[in-house]
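Chains as they are written, first to last, in full-length UniProt numbering: chain Z, 1 to 454; chain D, 1 to 550.
Working notes for the structure below.
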């Protein structure tokens with residue numbers, strides 16, 4: 001039983017990836033614009049059963065493909081920190097045209113929490129889609145261990161990597177929500193029983209018992225000096241407090257992006273095969289033959305990012321290519337997973353890494369490059385975690401020179417989500433990340449608001 | 001020779017299995033080399049001259065058997081025939097996004113039981129895959145099947161053919177079963193050409209199927225039909241599939257090619273749309289002959305899919321299967337590997353017993369298989385093998401037969417004819433099942449007792465049988481009494497009648513005395529006519545012989 005309840009807690013849902021009924025839902029995609037799912041996702045139902053109040057559904061990249069939340073059918077998502085004083089009061093900044101992105105693909109959900117509109121938002125995390133916007137918007141974003149949370153009702157992108165993501169204002173809130181949502185679900189054969197552990201995080205976690213690993217391969221090109229500075233800052237904090245901080249190596253990291261893309265495209269091609277316009281969703285006017293109808297429906301219903309991935313995925317799955325691409329990628333995936341396993345077995349309790357390369361980019365700069373290139377660059381810290389099925393959480397640490405949030409990521413061994421959150425809480429208690437409500441119209445910090453649930 | 005071929009095949013199969021068990025790391029297989037001599041032994045061969053250059057048929061089968069279960073393979077919707085369209089469709093069956101497959105335990109047990117019945121090796125760990133293709137009756141755009149590692153492999157099916165000159169010789173044959181795999185059935189599409197539209201019914205989408213793949217060990221339509229018939233009986237005995245081909249519970253596709261014995265196999269075609277065992281034989285034989293004709297004319301056989309047209313008896317190429325399909329197989333990520341356990345001891349500690357499928361338990365539950373039953377009937381009752389076939393082929397007939405035997409002293413060999421000819425004949429004529437027979441086993445036994453004890457003659461018995469059939473409820477004694485059909489064995493009465501006949505047919509008597517014994521039958525006929533068939537024939541013959549010999 002929980003000591004904290006989530007009554008009357010507002011909840012924002014990632015529009016279109018997680019299905020709650022009775023709300024006009026769209027997958028931010030013209031394809032299933034008018035499709036109303038007739039059932040609730042398990043994670044949604046669990047929250048509703050606890051008394052949560054659903055206040056809305058949020059914007060995202062189409063079919064969760066993207067890392068900026070700029071490619072959805074309803075337009076891009078704006079980071080609320082674009083409008084807070086620290087950013088606005090910089091010289092030469094025009095918020096209306098120089099606003100920054102929220103990150104993606106669960107951008108809308110991160111913004112709902114960051115703008116204090118909602119206590120909790122659910123997203124999805126396949127390659128970092130929760131942690132990325134979480135970090136750029138300055139909220140806590142948790143990707144639980146694969147299999148802890150049921151995926152029933154979650155529109156699949158990559159079945160073997162997807163998890164529902166949890167976004168809250170504080171680590172404690174995330175722990176409470178995790179406690180409610182985790183557990184075996186009969187409707188999802190990939191779920192596992194939740195470990196019998198406490199859901200309340202300790203007030204005073206003793207870091208002297210832990211070893212923090214710093215993976216050297218995560219010094220990626222393009223990492224901003226400010227992010228590196230935060231990374232060092234927190235590592236030093238651990239060391240001063242008596243924790244062991246060591247450099248470790250995850251040698252196959254460099255292959256993870258390509259491996260991820262092959263597997264992602266293959267699964268996407270497979271999962272999108274059901275969108276044919278017959279049973280639900282958009283159906284094209286073309287009806288000269290079934291094939292023609294399928295082709296035009298799918299052409300009209302998918303944007304070019306999605307179509308590109310489907311075509312690539314089908315290519316990788318062809319009999320003549322299967323061994324070279326799909327099987328090879330699976331083997332590399334195993335190597336990446338083994339990297340983590342080895343490191344955790346050698347005595348390391350958590351890994352500390354950046355979550356994104358820099359703080360949030362200006363929308364105008366972001367759209368200069370195509371979706372795939374952007375994802376390639378941005379996902380580097382987050383997607384190996386999905387491939388290995390491990391839990392990870394991004395925690396905001398400070399504001400950058402431009403007044404935008406910078407976050408760091410903690411990665412833990414499988415099923416040790418609670419321990420991971422304990423360490424995250426320790427950081428949160430010490431970094432002094434400001435609340436957005438501190439910055440009203442002026443840049444003077446106002447009285448700190450209590451953000452934890454009561 | 002043919003019988004020992006089958007026995008040899010089984011023996012080899014078992015030997016190979018033993019080798020694999022005892023020496024799992026070695027790869028040593030004893031193979032039987034097929035020679036032309038083997039083919040000649042089968043008298044059921046399509047007309048061949050004794051020349052090794054003749055083209056012969058090679059037939060393999062792919063069978064889809066619908067699993068007899070309450071719900072579908074991966075979802076909770078019911079499995080029922082002939083329900084209103086789209087009334088048995090769950091969210092998962094309709095491929096609504098966010099739904100996930102949940103494996104049905106009963107289907108796994110059915111597949112294991114079927115595998116055991118065919119002496120297959122059960123794979124303790126098997127895997128599920130996605131087979132992708134776009135078709136209106138496949139909502140998800142892929143079918144979940146077991147391509148990499150099916151649940152059972154390497155089995156053998158033994159079946160029998162009636163051969164020999166009089167088709168009463170029972171020949172035992174075998175066909176290897178390559179694998180048994182679990183997969184989803186597709187929906188049904190109905191083409192409405194009038195309005196040029198297609199209607200889709202998803203009731204069948206997601207129903208559990210066992211696909212049984214038979215190696216090309218057969219050579220003609222008759223063998224294939226016999227193999228399928230035996231398969232049907234076995235599945236029905238197991239209860240894993242109801243085997244009704246006309247209701248689509250059992251679907252058979254044939255892979256047919258021709259070659260000269262000893263040479264590599266020829267190009268094969270796949271023949272689909274076969275709705276009964278009878279059509280199967282015809283379709284295959286037609287296709288074999290068609291391919292032989294093509295080759296003899298100097299052409300080549302195309303690797304294609306053909307449909308059987310029952311009206312014309314021909315196979316025609318199927319339009320929409322042009323070109324090779326690449327199914328882009330991919331492991332099914334939402335289903336972990338399927339583990340079945342050998343026995344309770346091998347269950348993991350803490351495992352939930354009701355969640356586990358235990359092979360040992362299923363083996364214990366295997367019912368008596370048809371071939372075992374047939375052998376038992378022949379041994380126990382001394383009936384002919386072909387009779388045991390007839391008995392086992394018909395649902396409920398064995399039980400009926402045994403019930404009759406319990407109530408009469410008549411020998412089984414004399415009872416069997418009544419059951420397989422008189423009773424079964426009537427049932428078939430009126431398309432009835434044994435359970436619907438108006439004559440119960442006791443009633444028939446009563447009738448046979450009356451014949452056995454000499455109360456009525458055989459021909460009268462047959463007459464009474466017909467009466468009993470149509471009169472619903474009247475017993476044999478009742479009918480005999482009513483119609484005064486009792487056997488006349490009163491010696492004096494018979495003597496008088498015989499005398500009368502002898503007296504009125506002097507020419508015939510003369511002929512008999514001169515040595516033409518056959519004419520006696522005519523006299524017998526006349527006596528029977530006098531007595532309305534109620535004279536004891538044995539007695540009549542004796543009396544007449546007596547009277548005509550002097």
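Think of the CB as a built atom: it goes at the ideal place given N, C-alpha and C, for glycine as much as any other residue.
This structure is a prediction, so every number in the text was calculated from the model and none was measured.
Sequence-distant residues of the same chain with beta carbon closer than 8 Å to residue 278/D, five excluded per side: Counted from its first residue, the second chain places residue 278/D at position 278. Cβ within range, chain order: 225.
Residue 245/Z - partner residues in DSSP beta bridges: For the purposes of this step, residue 245/Z is taken as residue 245 along the first chain, with counting starting at 1. Looking at the DSSP assignment, residue 245/Z forms a beta bridge with 212/Z.
Chain-ordered chain D contacts of residue 41/Z [CB-CB under 7 Å]: Start at 1 with the first residue of the first chain, and residue 41/Z comes out as number 41. Ordered by position in chain D, the residues that pass the 7 Å Cβ test against residue 41/Z are 98.
Residue-level contact to chain Z via CB, residue 303/D, 8 Å cutoff: One-based indexing of the second chain puts residue 303/D at position 303. No, its Cβ sits nowhere closer than 8 Å to a Cβ of chain Z.
Alpha helix (DSSP H) runs wholly inside the segment 307-361 of chain Z, at least 4 long, in chain order: 319-322, 328-345
Test: residue 29/Z CB closer than 8 Å to a CB of chain D: Here residue 29/Z refers to the residue found at position 29 when the first chain is read from its first residue. Model confidence at residue 29/Z stands at a pLDDT of 49, short of 50, so the residue's coordinates are unreliable; what they give is reported in the following sentence. Chain D, which has no Cβ nearer than 8 Å to the Cβ of residue 29/Z, makes this no.
Neighbour flag for residue 270/Z against chain D, beta carbons, 8 Å: Taking the first chain and counting its residues from 1, one reaches residue 270/Z at position 270. Answer yes: the Cβ-Cβ gap between residue 270/Z and chain D drops below 8 Å somewhere.
Residue 17/D at chain Z interface by Cβ criterion, 8 Å: By 1-based counting over the second chain, the position of residue 17/D is 17. So no, residue 17/D is outside the interface.
Below-8 Å beta-carbon distance, residue 328/D vs any chain Z residue: As a working note, residue 328/D is residue 328 in the second chain. Output row for residue 328/D: interface = yes.
Outcome for residue 138/Z when other beta-carbon atoms lying within 10 angstroms are tallied against a minimum of 16: Counting from 1 along the first chain, the entry for residue 138/Z is found at position 138. By the neighbour-count rule (16 or more Cβ atoms within 10 Å), residue 138/Z is buried.
Span separating the alpha-carbon of residue 454/D from that of residue 395/D: Taking the first residue of the second chain as position 1, residue 454/D is located at position 454. Taking the first residue of the second chain as position 1, residue 395/D is located at position 395. Going by the C-alpha atoms only, they are around 32 Å apart.
Interface positions of the segment 265-280 of chain D facing chain C (Cβ-Cβ less than 7 Å), listed along the chain: Protein chains in the displayed structure are Z and D, and chain C is not among them.
Neighbour-count burial assignment, residue 259/Z, 16 or more Cβ in a 10 Å radius: Along the first chain, one-based indexing puts residue 259/Z at 259. Burial call: buried.
Beta-carbon proximity list for residue 294/Z, same chain, < 8 Å, skipping 5 on both sides: What you label residue 294/Z is simply residue 294 of the first chain in a count that begins at 1. 276, 277, listed in sequence order.
Cβ neighbour criterion (16 or more within 10 Å) applied to residue 538/D: Position 538 of the second chain, counted from the first residue, corresponds to residue 538/D. Per the 10 Å Cβ criterion, exposed.
For residue 282/Z and residue 394/Z, the rounded distance between their alpha carbons: Here residue 394/Z is taken as the residue at index 394 of the first chain, counted from 1. Here residue 282/Z is taken as the residue at index 282 of the first chain, counted from 1. Roughly 37 Å between the two C-alpha positions.
Nearest residue (CA-CA) to residue 467/D, options 221/D, 439/D, 273/D: For this step, residue 467/D is matched to residue 467 along the second chain. Measuring from the Cα of residue 467/D, the nearest candidate turns out to be 439/D.
Residue(s) in a DSSP beta bridge with residue 188/D: Mapped onto the second chain, residue 188/D falls at position 188. 201/D, per the DSSP bridge assignment.
CA-to-CA distance, residue 355/Z to residue 284/Z, given in whole angstroms: Walking along the first chain from the start, residue 284/Z turns up at place 284. Walking along the first chain from the start, residue 355/Z turns up at place 355. Distance between the alpha carbons of residue 284/Z and residue 355/Z: 41 Å.
Residue 416/D: first and last residue of the uninterrupted alpha helix (DSSP H) it sits in: The residue given as residue 416/D occupies position 416 in the second chain. Segment 412-417, the alpha helix (DSSP H) holding residue 416/D.
Inter-residue spacing [alpha-carbon to alpha-carbon] between residue 152/D and residue 339/D: Along the second chain, read from residue 1 onward, the residue named residue 152/D stands at position 152. Along the second chain, read from residue 1 onward, the residue named residue 339/D stands at position 339. Going by the C-alpha atoms only, they are around 12 Å apart.
Within chain Z, partners of residue 95/D - CB distance below 8 Å: In the second chain, the residue the question calls residue 95/D occupies position 95. Those are 274, 279, listed as they occur along chain Z.
Three CB pairs or more closer than 8 Å across the segment 246-256 of chain Z and the segment 337-348 of chain Z: yes
Closer than 8 Å to chain D by CB, residue 64/Z: To locate residue 64/Z, count along the first chain from 1; it is residue 64. So no, residue 64/Z is outside the interface.
heavy atom of the ligand FAD below 7 Å from residue 240/D C-beta: Although the ligand FAD was asked about, the structure shown includes no ligands whatsoever.
Stretch-stretch touch, CB-based, cutoff 8 Å, three pairs: the segment 139-149 of chain Z with the segment 187-206 of chain Z: yes
When 142/Z, 56/Z, 117/Z, 99/Z are compared against residue 416/Z, the one with the closest alpha-carbon: Locating residue 416/Z in the first chain gives position 416, where the first residue counts as 1. It is 142/Z whose Cα lies nearest to the Cα of residue 416/Z.
Start-to-end residues for the beta strand (DSSP E) that takes in residue 424/Z: Position 424 of the first chain holds residue 424/Z. Here residue 424/Z belongs to no beta strand (DSSP E); instead the alpha helix (DSSP H) covers 417-431.
Minimum Cβ-Cβ distance from residue 91/D to chain Z less than 8 Å: To locate residue 91/D, count along the second chain from 1; it is residue 91. So, interface residue.
Listed by chain order, chain Z residues near residue 139/D by CB distance under 9 Å: Locating residue 139/D in the second chain gives position 139, counting from the first residue. The answer, in chain order, is 274, 276, 278, 279.
Residue interval of the beta strand (DSSP E) (run including residue 309/D): Residue 309/D sits at position 309 when you count from the first residue of the second chain. Residues 305-309.
Partners in chain D for residue 424/Z, counting only beta-carbon separations shorter than 9 Å: Along the first chain, read from residue 1 onward, the residue named residue 424/Z stands at position 424. In chain order: nothing, as chain D lies at least about 29 Å away.
Through-space distance from residue 527/D to residue 497/D, alpha-carbon basis: Reading the second chain from its first residue, position 497 is the one you call residue 497/D. Reading the second chain from its first residue, position 527 is the one you call residue 527/D. Going from the Cα of residue 497/D to the Cα of residue 527/D covers about 7 Å.
Host alpha helix (DSSP H) of residue 86/Z (start-end): Locating residue 86/Z in the first chain gives position 86, counting from the first residue. Residues 85-88.
Cβ-based burial, residue 236/Z [other Cβ within 10 Å; buried from 16]: To locate residue 236/Z, count along the first chain from 1; it is residue 236. Exposed, because fewer than 16 other Cβ atoms sit within 10 Å of the Cβ of residue 236/Z.
The segment 174-188 of chain Z: positions lying closer than 8 Å to chain D by Cβ: 186, 187, 188
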